[in-house]
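Participant:
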Amino acid sequence: MKFGTKAIHAGVSPDPSTGAIMTPIYQTSTYVQKSPGDHQGYEYSRTHNPTRTALQNSLAALENGKHGICFSSGLGAIDSVVKLFNPGDEIISTNDLYGGTYRLFTKVFERYGIKFHFVPMSDPSSLSSYVNENTKMVWVETPTNPMMNIIDLEAVAAFSKKHNLLLAVDNTFASPYLQNPLDFGADIVMHSVTKYLGGHSDVVMGALVVNDDELASRLVFLQNACGATPGPQDCFLVLRGIKTLHLRMERHCQNGKTIAAYLKNHPKVEKVYWPGFEGHPNHQVAKRQMRDFGGMISFTLKGNRIEDAKTVMENLELFALAESLGGVESLCGHPASMTHASIPKEEREKVGLVDSLIRLSVGVEDAEDLKNDILQALAKI
Ligand SMILES: C=C(NCc1c(COP(=O)(O)O)cnc(C)c1O)C(=O)O
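Residue numbers for the sequence shown follow the numbering used here, so the first one is 1 and each next one is one higher.
1. How big is the Cα-Cα spacing for V140 and D213?
2. For the 8 Å Cβ check, are there 3 or more pairs between the region 136-153 and the region 364-380?
3. Does the Cβ of F173 lie closer than 7 Å to at least one heavy atom of ligand 1?
4. Ignore the nearest five residues each way along the sequence and tell me which others in R251's own chain have a CB closer than 7 Å to its CB.
5. What did DSSP end up calling A261 once you bin it into helix, strand or coil?
6. If you draw a straight line from the C-alpha of P50 to the C-alpha of Y26, how long is it?
7. In angstroms, rounded to a whole number, what distance separates the CA positions of N211 and R291?
8. Closest by CA to T142, which one among F109, V189, N164?
9. Assign R111 to buried or exposed, taking buried as 16 or more other Cβ atoms, counted over all protein chains shown, within 10 Å of its Cβ.
10. Tell me where the beta strand (DSSP E) around S361 begins and ends.
11. So S192 is in the alpha helix (DSSP H); what residue range does that whole segment cover?
12. In whole angstroms, what separates the C-alpha of K115 from that of K107?
13. Between the C-alpha atoms of I21 and R305, what's the straight-line distance to the nearest angstrom?
14. Kindly indicate which residue of A207, H163, D355, F85 has the alpha-carbon position closest to the one of V131.
15. Nearest CA to the CA of A367: which residue from E329, T339, L353?
16. Below 8 Å on the Cβ atoms is my guess for P146 versus S35; work out the distance and round it to an integer in Å.
17. Based on Cα-Cα distance, which residue from P16, H340, L127, C70 lies nearest to G227?
18. Is Y44 near ligand 1 - that is, is its Cβ less than 7 Å away from at least one heavy atom of it?
19. When you compare the CB positions of I343 and Y177, do they come within less than 8 Å of one another, or not?
20. Report, in whole angstroms, the separation of the C-beta atoms of G68 and A77, which I expect to be a contact under 8 Å.
21. With C-beta atoms as the reference, is T229 less than 8 Å away from S72?
22. F236 by DSSP, collapsed to three states: which one?
23. Do N96 and V285 have their C-beta atoms closer together than 8 Å?
24. If we count the other Cβ atoms within 10 Å of its Cβ and call it buried at 16 or more, is G294 buried or exposed?
25. Check this for me: beta carbons of V82 and A54, under 8 Å apart or not?
26. Could you tell me if P335 is buried or exposed, where buried requires 16 or more neighbouring beta carbons within 10 angstroms of its beta carbon?
27. Among the candidates L331, G198, K371, E347, whose CA atom is the shortest distance from the CA of G74?
28. Between the Cα of I150 and the Cα atoms of N372, G327, K287, which residue gives the shortest distance?
29. Which residue from P87, G326, G99, K2 puts its Cα closest to that of E347?
30. Would you kindly work out how many angstroms separate the C-alpha atoms of N372 and A260, rounded to a whole number?
31. For G113, count neighbouring C-beta atoms within 10 Å of its own C-beta (all shown protein chains included) and say buried if the count is 16 or more, exposed if not.
32. With hydrogens ignored, establish whether the beta-carbon of D170 is closer than 7 Å to any heavy atom of ligand 1.
33. Comparing C-alpha positions only, which one of E307, P24, M249, Y273 sits nearest to L353?
34. Using the three-state DSSP reduction, which class does S298 fall into: helix, strand or coil?
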């Protein structure tokens, strides 16, 4: 099946008892058994729930994987990935990543003896210097949040296999519509389902998709044992969001291209970070591993004054100033003081995340209105 057909049909089937075409919301915590252990595959909703099962199967299909595993948030999913490891183990991570992920790694798991190396990954050949006998996994985002770096999945997968490391890829910014990391050799693909998959800014959820059965059983064990599972209503909302993922992503990409080009030519804009530009350092890699370049854009202003950035964001009207991304409505954010505030300033600035950086999640509105919104806000500085 092609992606658009999978988005509508994968993982779901008419309800066996009623024929309902949409997967029902099984709003129940438990299931009656005929005698101890004699049940219909469902015992307790933290462990299994039919609405969640349909969503997990749908997500696995969209990522060309075998096993989908859902969590109550993206960080809940990442938490379970890191719980695969033990004190003394080491993880090599991209040095540009979501601030909450950095915080989870450094403020939680370093206390449990897991060591993280935050390194630039635009040239995977430099990674070997960070490998030792304790290294267990490589953690990648691509495109990265918020600097829009592109990491070569095929090259990092080859590196990981050569050194017998797991490769986990946070595919949130691309969505399964634009990129499928398992196809390039990744072992785990992770999503903040909160973003493009839910697509309507009305759910917080996370997911993992893997092919390996043993890895899946370890992650399913952690999903149940640690309990960060989503409820059936949220699973229903994401199942519904997924049905239009392909249509929404096409519009996000069209609008992203229009807005990126508009910003690039604006006299008050210093630099625009968007993988679709031919001048992007890894544009050729993006072309190879992505089907299009997405709706996430970051940019800086001439003069790099935080006051100017705040004035622009306060005056944007269609681009609402809020955390998150990937919904139908356009959002703007200030990573330095919002999503990435938990990363020390000196660490942020090593990757180019300066105080004047503005991040846009370009929605599916009419592009002309979005351009005019940016024009009027930039006129205020
Ligand atoms: C809320 C934001 N990010 C969440 C996020 C997460 C965490 O997902 P949550 O569903 O918010 O827990 C993981 N990975 C990436 C790349 C993310 O962007 C944000 O960047 O505005």
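Where a beta carbon is used, it is the ideal one built from N, C-alpha and C, also for glycine. Bear in mind that the values here come from a model prediction, so they are computed numbers and not experimental data.
Facilitator: The short version:
1. 22 Å
2. no
3. yes
4. V364
5. helix
6. 7 Å
7. 22 Å
8. V189
9. exposed
10. 358-361
11. It is not in any alpha helix (DSSP H) - S192 instead sits in the beta strand (DSSP E) that spans 188-192.
12. 11 Å
13. 54 Å
14. H163
15. E329
16. Not really, about 55 Å apart at Cβ, beyond 8 Å.
17. C70
18. no
19. no
20. In fact, because the Cβ distance is near 11 Å, the residues do not count as touching under 8 Å.
21. yes
22. helix
23. Note that residue 96 is Asp in the sequence shown here, rather than Asn. Not a contact, by the Cβ cut-off of 8 Å.
24. buried
25. no
26. buried
27. G198
28. K287
29. G99
30. 14 Å
31. exposed
32. yes
33. Y273
34. strand
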